[in-house]
Each structure stands twice: as structure tokens, then as C-alpha cells.
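Notes for the one structure printed next.
Numbering (UniProt numbering), first residue to last: 1 to 703.
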């Protein structure tokens with residue numbers, strides 16, 4: 001069964017139909033031949049039996065004289081008459097005692113087989129039948145024995161009494177039956193075979209007509225499976241094939257339309273995936289793919305390309321002061337300006353960040369790239385952006401590296417070009433910096449990269465150490481509680497201290513400041529929560545907040561979550577922001593201060609200096625404390641200008657209900673002058689040096 005099932009599943013419809021119908025036809029033909037031969041054989045057999053019985057009846061009549069007179073001569077006459085019948089091969093006449101009177105050949109038994117004879121039927125009957133012949137027998141009867149012989153022989157009157165006088169036996173051959181039967185069988189076989197061949201031929205044509213469109217469909221479907229949409233299937237064939245072809249053609253048409261739609265969508269999606277939707281330029285994903293290809297060309301084909309990393313200067317001023325719509329329009333305009341300086345058939349311009357762009361210059365020396373970079377700098381410098389009556393000038397800093405067979409990985413190349421751009425910014429912005437093999441600035445950048453890695457390690461493993469420095473109240477009207485500024489210290493893997501300037505600079509470059517701010521806030525509130533004795537001794541602690549954190553939309557939610565987690569009163573924390581930060585993102589800072597006040601915290605503006613815009617700026621800011629820049633106190637006793645500036649800052653702040661804090665008080669003279677001017681608080685090395693927070697907490701606990 002498994003073999004048949006496998007054969008059915010692996011053979012074609014045409015083969016299955018041909019085999020099935022051919023077997024049926026052959027079976028029908030053989031059945032027809034056998035049936036017709038059997039019927040003909042039976043009919044001929046009955047005919048020959050009838051003839052044999054007629055011959056036997058005739059012999060019975062003709063043998064009466066021979067038996068009455070026991071005359072072999074008469075018997076011979078009767079036998080000769082019977083031999084004229086077709087198929088008769090032997091005759092015998094027996095007396096009533098079953099002994100032989102006469103026989104035609106020695107093969108016939110000398111005695112009559114009376115036990116086989118049906119005595120109840122004296123007429124002709126089949127005595128014996130085998131494969132070669134029939135043996136017919138009949139009783140020989142005479143009528144009334146009292147009648148004369150002539151009367152018995154020739155009278156037409158029937159008599160009720162008859163007398164048995166002997167038996168006759170006729171042997172009839174079956175050769176004629178066999179001959180005729182074989183002839184019929186042969187004739188039928190020839191005729192039916194011919195008919196069968198005609199049927200098979202017709203079957204072949206019919207199946208071929210049926211399967212031809214199916215085979216065509218199969219071939220078309222194979223091509224379809226391979227992703228090739230072949231011409232539509234022909235409708236030639238039976239009605240069912242027509243329906244199948246029509247349905248399939250409609251399906252193929254629908255698939256073609258669907259695939260065309262999908263192809264267009266894929267092209268669109270691929271374009272979206274690799275292009276910036278705002279400017280239409282290649283995005284970071286597309287840029288990295290093309291840069292990988294360019295690096296491979298340098299290594300395998302010995303090509304020389306250049307990579308430029310470009311960062312807009314003062315873009316954030318436009319974006320923050322005029323909104324994102326203005327920033328978007330500026331980016332589109334700048335992208336158009338870039339396009340004037342590149343070869344569209346070979347170079348790749350990409351936007352990889354908010355205001356960051358990259359440029360791959362194919363088959364371009366670093367000197368030529370620098371020249372193109374300087375042209376772009378000049379173009380951007382001369383450009384003026386107008387928005388709602390305001391005019392802005394911007395700039396761009398460009399870092400350039402050469403790419404040849406020694407090029408590193410994609411990450412190495414981008415990092416190097418980014419570092420070159422950073423150096424261009426550090427050197428004054430609006431210029432080009434080309435990386436060279438002995439570039440000391442790059443060595444410094446590499447040092448910052450190392451520090452950045454250590455910062456991440458310190459954040460992940462809580463290796464930073466919190467310090468604090470006293471902010472001393474010098475106003476006799478203030479209470480006796482203490483104030484502290486929370487500071488951060490860091491050591492490298494060898495245990496050496498890294499100056500705050502260094503690790504803060506590295507953190508700003510690698511966008512780690514927001515993470516640092518979060519760590520300081522969380523750790524400070526945690527220490528306060530486990531040292532309630534310390535809380536009772538302080539008025540507030542100040543924590544510095546970076547520009548990155550102010551711009552982080554999730555930062556305020558983080559602050560609220562930390563106060564809730566550690567159950568600390570918000571009034572105990574004062575957040576410090578720099579004056580430069582407040583100027584760069586004025587609107588964002590004002591919103592931040594408002595939200596901080598809603599939480600319950602206070603705000604201090606640090607590094608404040610007196611200039612034409614400072615006073616008008618703080619007038620609109622709702623800060624609580626103003627930390628006057630320490631540089632103003634360095635030579636306060638000998639510099640009447642600084643003295644006057646500090647006095648002015650203090651007076652105006654008090655008018656605005658802002659308390660003042662003198663920074664970097666390092667001498668007694670500075671401290672005395674701060675008291676004399678009326679400053680509220682003082683902070684610096686003269687008062688005390690930064691001390692580990694844990695030490696202050698322990699000291700307070702002991703006291």
C-alpha cells in the first residue's frame with residue numbers, strides 16, 4: 001500500500017489516468033473476449049450435442065432390424081448411415097444383455113456401460129463427456145411384439161407398449177468444438193484488440209488534451225515559485241481547466257499588482273531607512289554602509305578618500321530661541337549650501353545627528369578635502385538666517401581625516417573625524433582641523449576617551465566619591481544651620497586623583513553629564529536619608545546641574561522619583577546652574593526653574609559676572625541665590641572696579657530678593673570685604689577645603 005501511495009503521489013496526473021484507464025480497458029477487453037468465447041462455446045456445444053443426439057436417435061431407429069435378426073450386415077448399414085453425421089467418430093450396437101453386436105473400431109468398449117445409462121429416459125442422452133469427445137446412447141425399442149415386423153417398422157400408429165431390444169452408442173468428437181471455439185477466440189481477440197488499441201489511442205489523445213494545459217500550468221507555477229511571473233495560462237482545454245486558468249490568471253495579476261506595490265513600498269522604506277526625512281540627505285545608517293564600502297575600497301583597491309565630520313556652531317541658539325520649526329528650516333538651508341561643494345555622482349553628504357553632518361569625498365586627497373572644508377566654512381560664515389524678523393549668523397567646525405589602505409574600522413574612522421571636529425571647536429570654531437600622525441590634540445582627545453571609559457566604569461560600579469564644601473552664612477540675621485555644596489571626586493585605575501576639570505570636560509564631550517548628575521542626586525539623597533541627624537543641622541545642600549540635564553525631558557521626573565524614594569524634603573536641596581547655561585538655553589532654563597520651584601527646591605545661579613546683559617537676564621529669572629564669580633574677589637582690596645561690580649551685583653540681587661554667595665574666598669581680606677559689602681554667604685578655601693561627605697556625616701553624628 002505504501003508503494004502504491006508513493007507511486008500515486010510521485011507520478012503525474014496523465015500517467016495516473018493512462019495507467020488507470022488502460023488497466024480498465026485491458027480488463028474490459030479480456031472480459032469481453034472471455035465472455036464472448038464462453039457464450040459461443042456454449043452455443044456450439046449445445047448444437048453439437050443436439051446433432052449427436054439426433055445421430056443417436058437415427059441410429060436407434062436404423063438398428064432395429066440388426067438387433068431383431070442379430071444381423072451384423074444390417075448393423076453395418078445402420079452404422080454407415082449414422083457416420084454421415086458431422087463429428088461422429090465411432091458407433092457401437094449392443095444387445096439387451098449389454099454384449100456387443102457391432103462396433104466401428106476397437107477403442108469402443110465391448111460391453112455397454114449400463115450403470116451410466118439413465119433407464120428412466122430411453123431417448124437419446126449423453127452418456128459420457130470428456131475433453132476429447134461425447135458418448136451418446138439410446139435404447140432401441142420396438143412397439144407391440146405381437147405385430148409383425150413390417151407393421152412395427154412401417155406403421156405410423158403409436159402403440160402404448162414398447163419392448164427394449166438393445167442399445168446404441170455414438171461417439172462424437174469435440175475437435176470441431178475446439179476448432180470453432182479457437183477460431184472465435186482468435187477472431188474476437190483480433191477485433192477486440194483492434195478496438196482496444198483504438199480506445200487507447202483515443203485515451204492518449206484525450207489525456208494529452210486534458211493534461212497539456214495542466215502541464216502548462218505546472219510550468220508556469222514553477223516559474224512563479226522561483227519568483228518569475230510567466231505569461232498567463234492559456235484557456236485551452238475543458239471547462240474545468242478554463243475555470244482553473246482563469247482563477248490562476250486573476251491570482252497572478254493580483255500578485256503582480258501586490259508585488260509592484262510592495263516593491264515601491266520597499267524602495268520607499270529603504271529610502272526612509274537610509275535617508276533623513278527632514279533634509280533628504282543620507283542618514284547615519286546609510287552613511288555607515290557607504291563608509292564601510294569606502295574603507296573596503298581603500299584596503300582592497302588602494303584608493304584614497306577623505307572623511308569630514310562637520311558640526312554647526314550656534315545652531316542651538318536658533319533652535320532654542322525660535323523653536324524647532326526654525327531649526328528645521330535652517331538645517332534644510334544648510335544642507336542646500338553643502339550641496340554646492342560636493343560631487344553628486346561620487347561624494348556622500350549625510351546628516352548623522354541633530355546639527356552634525358559627515359561628508360565622504362571619494363578619490364580625494366586630504367589637502368583637497370581641507371580646501372573644500374574651508375570653502376564650506378566661508379560659505380556658512382557668510383550665510384544669514386532670517387526668521388520672523390530676526391537675523392542669525394552661524395558657523396561650522398570641520399574635522400578631516402585621510403582614508404587609505406591603513407584605514408581602521410568604521411568606529412575608528414568616525415571617532416577620529418569626530419575628534420578632529422572637536423579640536424576645531426576647541427581652537428575657536430568656524431575652522432577646519434586635519435588630523436595628522438603626530439597630532440598632540442588627538443593625544444589629548446585620546447586621553448579624554450580613556451577618562452570617559454573610566455567615568456562609565458565609575459558610574460556602573462559606584463566608584464565616585466562625594467565631597468562637600470561649607471557655604472558659610474556671614475549674615476548675622478541668618479540662623480545657625482549649615483549649608484554645603486556637594487562636589488564630586490574621581491580617581492583613575494591607579495588610585496591617582498583626576499581633576500574635576502578633566503573628567504567634567506570628558507563627560508561633556510561624550511554626553512555623560514546627565515548620568516553624572518543623576519548619580520550625584522541619587523547618592524546625595526540616599527546619604528541624607530540614612531543620616532537623619534545630619535538633616536537637622538543643615539539649611540540646604542547645593543547640587544550642580546549640567547545643561548544636558550536641563551535639556552533632558554525626563555530629568556524632572558527623575559528628581560521627583562528620587563525625593564519620593566528617599567523621603568527627603570525638597571527644600572533641603574538647591575540646584576546650581578551656570579550663568580552661561582542660562583544664557584544658551586534661556587527659555588528651557590526658565591521652564592526648568594519654574595518646575596524645580598513647584599517641586600519645592602531652590603535654585604542658585606553660579607559664576608555670575610556683571611555685563612550688559614546679566615542684570616536684565618536675572619531680572620526675568622526666579623532664582624533664589626546668586627553665586628558671584630570668584631575672579632571678582634581675587635583682588636578686591638586693590639581693584640576698585642571689581643569692588644564696585646560686586647557691590648552693584650549684591651545690591652541689585654537684594655532688591656530682587658535674591659541672596660548672594662561669594663565664591664572662591666581664599667583670603668581673610670576677601671572674606672572681610674564680602675562681609676562689609678553685605679554678601680549673605682561665603683565659600684572658599686579660606687573657610688574650609690572640600691571634605692569627603694562621609695567624614696562630615698560621621699563628625700556630625702559624633703557631635
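Positions of the beta carbon are idealized from the N, C-alpha and C atoms, including for glycine.
Rounded straight-line distance, which links the Cα of residue j to that of residue i
i           : j           : result
residue 175 : residue 83  : 16 Å
residue 295 : residue 632 : 53 Å
residue 158 : residue 188 : Since pLDDT at residue 158 reaches only 41, below the 50 mark, its modelled position is unreliable, and the value read off the structure follows with that caveat. Distance between the alpha carbons of residue 158 and residue 188 is about 49 Å.
residue 190 : residue 107 : 39 Å
residue 409 : residue 495 : 32 Å
residue 277 : residue 312 : 19 Å
residue 156 : residue 51  : At residue 156, the pLDDT of 44 sits below 50, so the modelled position is not reliable; the number obtained from the coordinates is stated separately. So the two alpha carbons sit approximately 24 Å from each other.
residue 252 : residue 304 : 49 Å
residue 263 : residue 426 : 48 Å
residue 457 : residue 493 : 10 Å
residue 168 : residue 94  : 6 Å
residue 646 : residue 665 : 13 Å
residue 521 : residue 567 : 13 Å
residue 39  : residue 33  : 10 Å
residue 686 : residue 314 : 39 Å
residue 641 : residue 579 : 21 Å
residue 53  : residue 182 : 24 Å
residue 432 : residue 422 : 10 Å
Residue span of the alpha helix (DSSP H) that contains residue i, given as start and end
i           : result
residue 77  : 72–83
residue 377 : 366–382
residue 559 : 555–566
residue 330 : 324–339
residue 676 : 668–677
residue 654 : 640–655
residue 400 : Element bounds for residue 400: not the alpha helix (DSSP H) but the beta strand (DSSP E), 395–403.
residue 595 : 586–599
residue 287 : 284–300
residue 432 : From DSSP, residue 432 is part of no alpha helix (DSSP H) but of the beta strand (DSSP E) over 432–434.
Among the options, nearest to residue i - alpha-carbon criterion
i           : options            : result
residue 698 : 666, 681, 641, 527 : 527
residue 61  : 428, 142, 52, 25   : 142
residue 195 : 59, 666, 72, 26    : 26
residue 565 : 459, 218, 389, 525 : 525
residue 297 : 393, 403, 218      : 403
residue 704 : 290, 414, 300, 305 : The chain is shown from 1 up to 703; residue 704 falls before or after that span and cannot be answered.
residue 617 : 480, 649, 599      : 649
residue 207 : 73, 254, 28, 18    : 18
residue 407 : 302, 497, 419, 431 : 302
residue 659 : 624, 39, 35        : 624
residue 333 : 590, 562, 387      : 387
residue 483 : 593, 121, 608, 696 : 696
residue 405 : 519, 417, 299      : 299
Within 7 Å, strictly: CB atoms of residue i and residue j
i           : j           : result
residue 348 : residue 309 : no
residue 336 : residue 376 : no
residue 395 : residue 381 : yes
residue 570 : residue 601 : yes
residue 124 : residue 138 : yes
residue 369 : residue 287 : no
residue 331 : residue 318 : no
residue 136 : residue 170 : yes
residue 428 : residue 400 : no
residue 424 : residue 397 : yes
residue 140 : residue 68  : no
residue 361 : residue 420 : no
residue 545 : residue 575 : yes
residue 173 : residue 89  : yes
residue 98  : residue 114 : yes
First and last residue of the uninterrupted beta strand (DSSP E) at residue i
i           : result
residue 548 : Looking at the DSSP string, residue 548 is not in any beta strand (DSSP E); the run it does join, the alpha helix (DSSP H), is 547–551.
residue 125 : 125–129
residue 544 : 538–544
residue 137 : 133–142
residue 606 : 602–608
residue 489 : 482–491
residue 388 : Segment: none, residue 388 is in no beta strand (DSSP E) and carries neither H nor E.
residue 572 : That residue, residue 572, is in no beta strand (DSSP E); it is neither H nor E in DSSP.
Quiz item: Is it a yes or a no for the region 459–474 touching the region 427–438, going by three-plus beta-carbon pairs under 8 Å?
Solution: Judged by Cβ distances under 8 Å, the region 459–474 makes no contact with the region 427–438, as fewer than three pairs qualify.
Quiz item: For the region 501–514 against the region 669–676, are there 3 or more C-beta pairs whose distance is under 8 Å?
Solution: Taking a cut-off of 8 Å on C-beta distances, the region 501–514 does not touch the region 669–676, as fewer than three cross pairs fall below it.
Quiz item: Using 8 Å as the threshold, is the region 40–47 in touch with the region 65–79, meaning 3 or more CB pairs across them?
Solution: In short, these stretches do not touch, since the Cβ pair count stays below three.
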